[in-house]
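Beneath this line is the structure, given in structure tokens, with notes to follow.
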Amino acid sequence: MKHNIYKFLSLAFMFMACVTFVGTTAYAEDYPANPTTKEGYTLDFQEEFNEPTLDTTKWTDYYLPHWCEDPSTAKANYRIEDGCLVEYITEDQEAWCPAHDGAVKSSAIMSFDKSWIHNFSGTSDNHNRETWYGYKTTYGYFEMRAKLANCGGGGHQAWWLVGMQQDTDDWFNSKQTGEIDILETFFSRSNNWRIAAYGWNDPNFLNYWQITDSALPSGDPSNEFHIYAVDWTPDSLKFYYDNELYYTIEGAPDYDMGMILNIYTDAGSGEHNDVWPKEWAVDYIRVWKSNEGYQKVTKEYNIQNRQTGHYMYIDPDSTAVKYGPLTDENAAYAKWEKVKRGDYVLLKNCKTGEYLHIENLTGYVEHGEVPTTWWSAQWTESEVDGYTRLINRWQPDYSIHTEDYQWLIQYGNVPTTYWTSQWRFIQTN
């Protein structure tokens, strides 16, 4: 009998060894939590979800209640278990705001409660709320460890930032309306990471949706915990998956934003299936601040023409943009800043703050205080032999050139090979 037991145990251990070996090749593991310390940073916000109830000094469990006739429909379904926040949607859950969002169901917590925030439907029937902030900030390294929903069908989970609109008391006149969707992954594409950003009314951030929705490099996010993060600085948004850089958006909002953490069905991500409840788990959310602070680094350039060797500058007494040798008189007007807008760039004069544009279609490039959303002021940078051609977004057949040698900067349909349409950006600071 004893011999048989040893034999049984030996076979059992051999079987376990085989299972373990197969398991390491077939299944990944949870990515471990990061420490709460981060070199070069100071922890500014921390939510570990280790208490049995939600910390109401940090969060409200209502989703944008100012848009609801009955705010009770915006209340979240959630529980806290095993040190995680679990947000979920049930089959019999009411739509959160039928008047504006149809049949969409949502369970969310937010780090603020404020009227007019995120007017996604363009409506004006805001129901006034007393302003409350659990956490809002400008810039920082935001990190979440989470396991995504494993239910399939239409719906998604999201962790996003929205501008707090502290410049006005409404949506329509606010310029602090940016949105950063750190994570907005669809149930139907659980191995992807969907990231999105949009400025809405913000003239200095993206005037179109910049979105990526691509496969993650490793892991099984709907069955494992992984780390999702964004480093929000004055110049960019850098997104990290399990501490590795994944995606970058050039440019960033420069005002306070608050957090929303939620799960939806039927919100532009397809029709739901019959798997209930739909839920995801969040282990923690942390925000660090860089010890070096967040000063915007503005690079200034002289823009030199390849053919003539002369430099682009503005005439302050007219709308003309000229080129010529640098002199004491024009040097201050010959410095330029590149302002990124997604895949495009605006050229901003460092002296006047005005932008290059071709709005009036005169055949000559002009400068002026034009909206950064104008396509006539946005340019594609195309590299040729170490130089840059500047192609207008609005008129994509036209590039900036000096072909007629009139000391005025022109634009037109000139061959790529023309040196008169090729420029060098020389950093001056």
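Heads up: the sequence shown runs through residues -28 to -1, 1 to 401, numbered per mature numbering (1 follows the signal peptide of the UniProt record, and there is no 0).
Cβ atoms here follow ideal geometry from the backbone N, Cα and C, with glycine treated the same way.
Small disclaimer: the values here were computed from a predicted structure and weren't measured.
Kindly indicate which three-state DSSP category residue i falls into: helix, strand or coil?
i: Ala306; result: helix
i: Thr400; result: coil
i: Thr374; result: coil
i: Ser44; result: helix
i: Ala(-3); result: A caution first: Ala(-3) carries a pLDDT of 32, below 50, which makes its placement in the model unreliable, though a value can still be read off. Ala(-3): helix per DSSP, three-state reduction.
i: His38; result: helix
i: Trp347; result: helix
i: Ala71; result: helix
i: Thr392; result: helix
i: Val247; result: coil
i: Phe(-8); result: Summary for Phe(-8): the model assigns pLDDT 30, below 50, so the residue's position carries little reliability; its value from the coordinates is reported in the next sentence. Helix at Phe(-8).
i: Gly296; result: strand
i: Phe144; result: coil
i: Gln65; result: coil
i: Thr29; result: coil
i: Ala80; result: strand
i: Asp289; result: coil
i: Ala224; result: coil
i: Lys268; result: coil
i: Lys323; result: coil
i: Ser93; result: coil
i: Ala5; result: coil
Give a yes or no on whether the C-beta atoms belonging to residue i and residue j are separated by under 8 Å.
i: Met116; j: Gly230; result: no
i: Val342; j: Tyr383; result: no
i: Leu202; j: Asp16; result: Inspection of the sequence shows that residue 202 is occupied by Val rather than by Leu. Cβ atoms of Val202 and Asp16: not closer than 8 Å.
i: residue 425; j: Trp351; result: Residue 425 is absent from the structure shown; the chain starts at -28 and stops at 401.
i: Tyr327; j: Ala349; result: yes
i: Lys108; j: Ser87; result: no
i: Phe114; j: Trp204; result: yes
i: Ala80; j: Asp255; result: no
i: Gly112; j: Lys261; result: yes
i: Thr110; j: Asp192; result: no
i: Ala130; j: Asn234; result: yes
i: Gly314; j: Leu155; result: no
i: Thr184; j: Tyr236; result: no
i: Thr334; j: Ile286; result: no
i: Gly242; j: Ser160; result: yes
Quick one: what's got a C-beta closer than 8 Å to residue i's C-beta in the same chain, skipping five residues either side?
i: Ala239; result: Asp73, Val76, Ser78, Gly127 and His128
i: Ile398; result: Tyr273, Asn274, Ile275 and Gln276
i: Ile52; result: Phe21, Glu23, Pro24, Thr25, Leu26 and Val58
i: Arg278; result: Tyr359, Trp391, Thr392, Gln394, Trp395 and Arg396
i: Gln267; result: Pro206
Only counting the same chain, and skipping five residues up and downstream in sequence, which positions put a Cβ closer than 6 Å to that of residue i?
i: Ala187; result: Asn163 and Asn164
i: Ala253; result: Cys56, Val58 and Lys119
i: Lys310; result: Val317
i: Cys322; result: Glu272, Lys307 and Glu309
i: Asp174; result: Lys147, Thr149 and Gly150
i: Val247; result: Cys123
i: Asn401; result: Glu272
Please name the residue in the options whose C-alpha comes closest to that of residue i.
i: Asp369; options: Asp357, Tyr359 and Asn385; result: Asn385
i: Asp228; options: Ser393, Lys307, Ile89 and Tyr180; result: Ile89
i: Asn195; options: Asp203, Glu156 and Glu251; result: Glu251
i: residue 402; options: Pro387, Val259, Phe177 and Asn49; result: Lying outside -28 to 401, the shown extent of the chain, residue 402 is not represented and no answer is given.
i: Tyr3; options: Ser93, Tyr200 and Val259; result: Tyr200
i: Thr345; options: Gly191, Arg365 and Tyr390; result: Arg365
i: Arg396; options: Tyr359, Asn6 and Tyr390; result: Tyr359
i: residue 480; options: Thr220, Phe197, Lys30 and Thr205; result: Only positions -28 to 401 of the chain appear in this structure, which leaves residue 480 out of reach.
i: Phe144; options: Thr157, Trp172, Ala130 and Phe158; result: Trp172
i: Ile330; options: Glu353, Lys47 and Gln367; result: Gln367
i: Gly281; options: Tyr377, Glu41, Trp204 and Thr334; result: Tyr377
i: Phe211; options: Ala168, Tyr236 and Val247; result: Ala168
i: Asn245; options: Ser190, Gly12 and Gly124; result: Gly124
i: Asp207; options: Leu217, Glu11, Asn302 and Asn176; result: Asn176
i: Val297; options: Glu243, Tyr266, Trp379 and Pro288; result: Note that residue 297 corresponds to Pro in the displayed sequence, not to Val. That would be Trp379, whose Cα lies nearest to the Cα of Pro297.
i: Trp104; options: Val356, Ser96, Asn122 and Asp85; result: Asp85
i: Gly12; options: Arg101, Tyr180 and Gly265; result: Gly265
Identify, in the order they occur along the chain, each residue of the same chain with its Cβ nearer than 7 Å to the Cβ of residue i, setting aside the five sequence neighbours on each side.
i: Ile381; result: Met284, Val293, Lys294, Tyr295, Tyr336, Val337, Ile372 and Thr374
i: Pro249; result: Tyr60, Ile61 and Thr62
i: Asp139; result: Ser146, Lys147 and Gln148
i: Lys312; result: Glu222 and Gly223
i: Gln18; result: Thr8 and Arg258
i: Val134; result: Ile89, His90, Glu151, Met229, Gly230 and Ile232
i: Ala46; result: Tyr34, Tyr35, Leu36, Pro37, Cys40, Trp68 and Cys69
i: Arg361; result: Ser354, Ser371, Thr388, Ser393 and Gln394
i: Thr157; result: Leu120, His128, Gln129, Asn164, Trp165 and Arg166
i: Ala71; result: Glu41
i: Thr14; result: Trp260, Lys261 and Asn263
i: Thr270; result: Glu309
What residues are listed by DSSP as bridge partners for residue i?
i: Phe158; result: His128
i: Met136; result: DSSP output for Met136 lists no bridge partner at all.
i: Lys261; result: Thr14
i: Gly150; result: None; Gly150 has no bridge partner.
i: Leu178; result: Note: Leu178 sits in no beta bridge, so no partner.
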